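Note that the protein sequences, when read in sequence, are chains A and B. By our numbering, the letter at position 109 of the first sequence is numbered 109, and the numbering carries on one by one without gaps. By our numbering, the letter at position 40 of the second sequence is numbered 40, and the numbering carries on one by one without gaps.
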Amino acid sequence: MNPPENHRTDPLDIAAAWSAEGRQIALATVVETWGSAPRQAGSQLVIDAEGNFEGSVSGGCVEGAVIAEAVDVIASAKPRMLEFGVADETAWRVGLSCGGRIKVYVEPLA
Amino acid sequence: MERALLLSLNEERRARRAAIVVTDLETGSGRLVRQAEALQDPLDEALREGFRSGKSRQIESDGRTFFLNVHLPSPRLVVIGAVHISQALAPMARIAGFELDVIDPRTAFATPDRFAGSNLHADWPQEVLARQPLDAFCALAALTHDPKIDDFPLQAALEAGCFYVGALGSRKTHARRLERLAANGVPEDKLQKIRAPIGLDIGASNPAEIAVAVLGEVIAALRGKGPGAAG
C-alpha cells in the first residue's frame, strides 16, 4: 500500500526520514501570530545542514531567512526564537507583506 | 526536540491518536502528552483546551513560557464508490492533506489502474469499515447511489459522528434513501446531517468539477464553515 501523497511532504515524517539517514536537522515552528499571518501557530518547516527544507512557516515570505538561521542552529545545537514583522528595512531584510507578525522557534533535532 | 520524541509523535499520528508536544521555550526541552494523560498533567487545563480546539498556542505557567503544539489526526476521507467522480476526487483530496480510502465491492470499478496511488478496497463497506472504523475525524462521501452499497456506510458515518456525510443522488433518490434509513432506526436529527445533493453549489457539470464541489464542501465542514456550523 502506498503512503498517501501528503506523507511525502509532511515535515515531521520528512524530519524522521532525514534523521534516519544520519542528516543533521532543525525544526522551525510558528509559535505566535498577530494580524493576518499566513500560517497558523504550530505550522512547521524542517531544514537540514545544507539548507534543504520541506514545509512552511509563512507563504514563502520569510522561509529564506528561517533556513539561514536554522543552518546556524544546527551548527550551534542551540534553539533560537525569531520574529518577523511587516517587510521593512529595520530588524530584518525580509518580512511579511500581508502586514502580519509571526514568531518562529527554531530548534535542533538532538 | 529529541529524536525519540519525534518518533513517538509520528507513531501517535500514524495510529490516528491525538497528541500534544509541550516545549519549554526557555530550556528547549519537550515532552509528549497523550489525551488520556492530560488530566494528570500540571498544564491540564491548557492541554484539555488544546485537545478540544485543535489550536496550537503559547502559554505562560509559573513564570515559564511553553508552546503547545496540538496534533489531531489528519482528516480522512472515505469515498464509497470507485466511480468517475472518485477518480478525480482521490488525487485532489490527497493533495489537500486528506488520508483517503476508496471502497467499492464492484471489481470492475475498483481496479488499481483506475486508482493508482489510492488506498483502494474492492470489498463491501461493511468489511472495510469493520477493519478501519470511522471516527469524528472522518468524512464520508457516498457516490454510488446504489442503496446496497451506500446505505450501510451512510448509517455507520452518522453513528460514528463523522464531521461530514454526503450522498450523491437526485432529490427523489435521496428522499427514498431517507425513508430507508429512518425505517432502519436512524433518528431524524442525524438524517438532517447528510449533505444531499452532494457538493457546494458551484454549477459543477462534469465529474472533475463535482469532485471539486465535494472536496470544497468537506473542507467547509472541517473548518466549521458549512451549513449548520456555529457562528
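We put the beta carbon where it would ideally sit given N, CA and C, even for glycine. Only a predicted model underlies this, so the values are computations on that prediction, with no experimental measurement involved.
Counting only the Cα atoms, residue 17 of chain B lies some 27 Å from residue 195 of chain B. Residue 35 of chain B has a beta carbon lying at 9 Å or more from every beta carbon in chain A. Of all residues in the segment 70 to 87 of chain B, only 70, 71 and 74 place a beta-carbon less than 9 Å from a beta-carbon of chain A. Under the 8 Å Cβ criterion, the segment 170 to 178 of chain B does not count as touching the segment 118 to 125 of chain B, having fewer than three qualifying pairs. Of all alpha-carbon atoms in B:182, B:47, B:53 and B:43, the one lying nearest the alpha-carbon of residue 63 of chain B is that of B:43. Chain-ordered, the chain A residues with CB closer than 9 Å to the CB of residue 57 of chain B read 31, 32, 41 and 42.
Sequence-ordered contacts of the segment 122 to 140 of chain B with chain A are nonexistent [C-beta pairs closer than 7 Å]. Residue 119 of chain B: member of the beta strand (DSSP E) spanning 119 to 121, first to last residue.
For the segment 125 to 158 of chain B, the full-length alpha helix (DSSP H) segments reaching 4 residues or more read 125 to 131 along the chain. Around the Cβ of residue 61 of chain B, a 10 Å sphere holds fewer than 16 other Cβ atoms; the residue is exposed. Beta-bridge partners assigned by DSSP to residue 1 of chain B: none are found.
9 Å or more divides the Cβ of residue 210 of chain B from the Cβ of residue 219 of chain B. For the set B:108, B:132 and B:151, the Cα lying nearest the Cα of residue 169 of chain B is the one of B:151. At least one CB of chain B lies nearer than 9 Å to the CB of residue 12 of chain A. No Cβ of chain A is located within less than 9 Å of the beta carbon of residue 111 of chain B.
Between residue 139 of chain B and residue 204 of chain B, the CB-CB gap reaches or exceeds 9 Å. Residue pairing from DSSP places residue 67 of chain B in a beta bridge opposite B:23 and B:58.
DSSP lists B:142 as the beta-bridge partner residues of residue 167 of chain B.
Per DSSP, the continuous beta strand (DSSP E) segment holding residue 103 of chain A begins and ends at 101 to 108. CA-CA distance, residue 188 of chain B to residue 77 of chain B, rounds to 24 Å. The beta carbon of residue 134 of chain B sits closer than 7 Å to those of 78, 140, 156, 157, 160 and 162, all from its chain and outside the five residues before and after it, given in chain order. 78, 79 and 81: these are the residues of the segment 67 to 87 of chain A whose beta carbon lies less than 9 Å from some beta carbon of chain B, given in chain order.
Contacts with chain A at 9 Å (Cβ-Cβ) include residue 2 of chain B. Counting only residues of its own chain and dropping the five nearest sequence neighbours on each side, residue 128 of chain B has a CB closer than 8 Å to the CB of 101, 103 and 121.
Apart from sequence neighbours up to five positions away, the residues of its chain that approach residue 174 of chain B with a beta-carbon distance below 6 Å are 196, ordered along the chain. Using a Cβ distance threshold of 9 Å, residue 71 of chain A and residue 51 of chain A count as a contacting pair.
Within 10 angstroms of the beta-carbon of residue 27 of chain B lie fewer than 16 other beta-carbons, which makes it exposed.
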